[in-house]
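Under our numbering, the first residue of the sequence shown carries the number 1, and numbering increases by one thereafter.
Glycine included, every Cβ here is placed at the ideal spot set by N, Cα and C.
These notes concern the structure reproduced below.
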Amino acid sequence: MGLLTDHELDMYRTRFLCSLDKLAKGLIDNPVSSDEVYRLAAINGFPGGLQTTDSLVQDVVILEYVKLGTGREIMLTIKGLQWCKENCE
């Protein structure tokens, strides 16, 4: 079992992607720090914040909603932007 359960992953994925969309100003290929996204999403209660962030990033990269940038930067893909338009307020 990973750091997050499947239920937690689903719930936090939405908060994480919607926060990324807000920070990226709804633009694809606009790099944002994954740690900044994690803080904005206010995902608390985990002793390993860095590990939780990395788990969420790995999940959304596998789903092709996000691509990796330089260092800890991530960017929305076209697929990710479409998901955000359908699921974020």
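Taking only three categories from DSSP, how would you classify residue i?
i	result
residue 22	helix
residue 34	helix
residue 63	coil
residue 73	strand
residue 1	Residue confidence for residue 1 is low, a pLDDT of 38 falling below 50, so the modelled location carries little weight; the figure read from the coordinates is stated next. Three-state DSSP puts residue 1 in coil, outside helix and strand.
residue 27	coil
Are residue i and residue j touching if we call contact CB-CB under 8 Å?
i	j	result
residue 36	residue 23	yes
residue 60	residue 13	yes
residue 19	residue 41	yes
Using CA coordinates, which residue listed in the options is at the minimum distance from residue i?
i	options	result
residue 72	87, 79, 51	51
residue 32	41, 88, 76, 82	76
residue 79	21, 38, 89	21
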